[in-house]
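Colleague: As numbered in the working numbering, residues 10 to 347 make up the sequence shown, in order.
Below is one structure. I have some questions about it.
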Amino acid sequence: MELFDRYSRQILFHGVGLEGQHRLAAAHVAIVGCGANGSAVASLLARSGVGTIRIIDRDYVEPSNLPRQTLFDESDAKESLPKAIAAARRIAAFNSDVVVEPQVADLTPDNIQVLLEGVHLVLDGTDNFETRYLVNDYSVSQGIPWIYAAAVGSYGVTLNVLPRTTACMACVFPESPHGAFETCDTAGILNSAVNLVASIEASEALKFLVGAVDKMRRTLLSFDVWSNDRAEVSAARPRPGCRACDERDFVHLAGKGRPHITLCGRNSVQIHERHRPVNFTEMDERLRPHGSVRHNDFVLKFWREPYEMTLFPDGRAIIKGTTDTAVARSLYARYVGS
Ligand SMILES: [Zn+2]
10 MELFDRYSRQ ILFHGVGLEG QHRLAAAHVA IVGCGANGSA VASLLARSGV
60 GTIRIIDRDY VEPSNLPRQT LFDESDAKES LPKAIAAARR IAAFNSDVVV
110 EPQVADLTPD NIQVLLEGVH LVLDGTDNFE TRYLVNDYSV SQGIPWIYAA
160 AVGSYGVTLN VLPRTTACMA CVFPESPHGA FETCDTAGIL NSAVNLVASI
210 EASEALKFLV GAVDKMRRTL LSFDVWSNDR AEVSAARPRP GCRACDERDF
260 VHLAGKGRPH ITLCGRNSVQ IHERHRPVNF TEMDERLRPH GSVRHNDFVL
310 KFWREPYEMT LFPDGRAIIK GTTDTAVARS LYARYVGS
């Protein structure tokens, strides 16, 4: 049979077997964020035969992504394709049996119930703690496991969160470790650190999906591929008094005080104040007298020195060339509408 042919080496592996392979085919996972780590995890799981993969990402492909983000190529960057769309195309080219559900969206308290509906496992491919705490609250409140994974510089860290069984991210980090943590924009990143953390994340996902939950690691694991430092902290049980596990207080899911304008990446601001469907053909004509503009089915790009605005069909925009949210908001109001 076809399944047996394609996945013969994986089926031979004792931990998977034919039964495990069938379970993978029936599995439905979500990957939140499809940058370096999300790309690597999506690639590994799609090649392993995980049946349905929902890829949620708010960003588009740029040339500086290509050293690490292994699902994308230069033509994706040239077209500024949304990463979720580019990922779906690439996966279809190497495993057309996998159903990919691309979602070009910023995961927020307003849409998380819809975007994560029906999945068995959530995988972290994001680059920020705001989204991770949101996913963690969703996971603990709904009893759906997720795997935290992050890499920066030469350092990687990962944690399996099995609600009611192991510690969650809020057990381990009650407060956001912002500030204490560098970001890729300040510390750079090695692609090998990303791929190591992605391999561990994908392996833990396979264990969960084939039903080998007892084999899953119950520690917060960190390592540094440059210094070779390695550490493991037990995360075997929920921490008594944990805001999420114990008090069932899901502040991030409630979205209290969440900003609608956020800094994202280097020298850019994301605006997602309201849902405002945009007709790209009309917007292209309207913006043409004010700068250079180009669009495809997925994004519209508008350049007006020194700014570059990328607009998505739902009205969300990423404005490059400033970190001043007031400047970004006024540009958006002037050219897209207030
Ligand atoms: Zn907890």
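Using N, Cα and C, we set each Cβ at its ideal position, and we do this for glycine too.
Quick test of your reading: L54 and I62, contact by CB under 8 Å. State the CB separation rounded to the nearest angstrom.
Modeller: 6 Å between Cβ atoms; contact.
Colleague: Compare the Cα-Cα distances from V25 to each of A176, R99 and K216 and report the closest residue.
Modeller: For V25, the nearest C-alpha among the options comes from K216.
Colleague: Measuring only from the beta carbon, is R248 closer than 7 Å to any heavy atom that is part of ligand 1?
Modeller: Yes, the Cβ of R248 comes within 7 Å of a heavy atom of ligand 1.
Colleague: For a test of your reading of the model: does the CB of V144 fall under 7 Å from any non-hydrogen atom of ligand 1? Yes or no.
Modeller: Answer for V144: no, Cβ out of range of ligand 1.
Colleague: Start and end of the alpha helix (DSSP H) containing A169?
Modeller: Ala is not the amino acid found at residue 169; the sequence shown has Asn there. It is not in any alpha helix (DSSP H) - N169 instead sits in the beta strand (DSSP E) that spans Y164 to V170.
Colleague: Do you know how far the Cα of Q151 is from the Cα of L130?
Modeller: Spanning the two alpha carbons is a distance of roughly 11 Å.
Colleague: Considering only residues of the segment 286-315, which uninterrupted alpha helix (DSSP H) runs meet the minimum length of 4 residues and lie entirely inside it, listed in chain order?
Modeller: You should have 289-296.
Colleague: Which ranges does the beta strand (DSSP E) cover as unbroken runs of at least 3 residues, wholly within the segment 217-243, from first to last along the chain?
Modeller: As far as the segment 217-243 is concerned, its whole beta strand (DSSP E) runs of at least 3 residues are 228-233 and 239-243.
Colleague: Could you say which of S347, V50, N145 and E294 lies nearest to H261 if we only look at CA atoms?
Modeller: When each option's Cα is compared against that of H261, the closest is N145.
Colleague: If distances are taken between C-alpha atoms only, which option among A158, L27, R313 and L230 comes closest to V242?
Modeller: Closest option to V242, Cα to Cα, is L230.
Colleague: Drop a sphere of 10 angstroms on the beta-carbon of E256, count the other beta-carbons inside from all chains shown, and report buried for 16 or more, exposed for fewer.
Modeller: So E256 ends up on the exposed side.
Colleague: For A263, collect the residues of the same chain with a Cβ closer than 7 Å to its Cβ; drop the 5 residues on either side in sequence, then sort them by chain order.
Modeller: Once the five neighbours on either side are set aside, the close Cβ partners of A263 are P118.
Colleague: DSSP state of H72, grouped into three classes?
Modeller: Checking the sequence, you will find Pro at residue 72 rather than His. Helix.
Colleague: Give the range of the alpha helix (DSSP H) segment to which A45 is assigned.
Modeller: Where A45 is concerned, the enclosing alpha helix (DSSP H) stretches over A45 to S57.
Colleague: Among the residues of its own chain, which have a CB less than 6 Å from the CB of D233, if the five just before and after it don't count?
Modeller: Result list for D233: S163 and Y164, in chain order.
Colleague: Find out if the Cβ-Cβ distance for the pair V128, H37 is shorter than 8 Å.
Modeller: Cβ distance < 8 Å, so V128 and H37 count as in contact.
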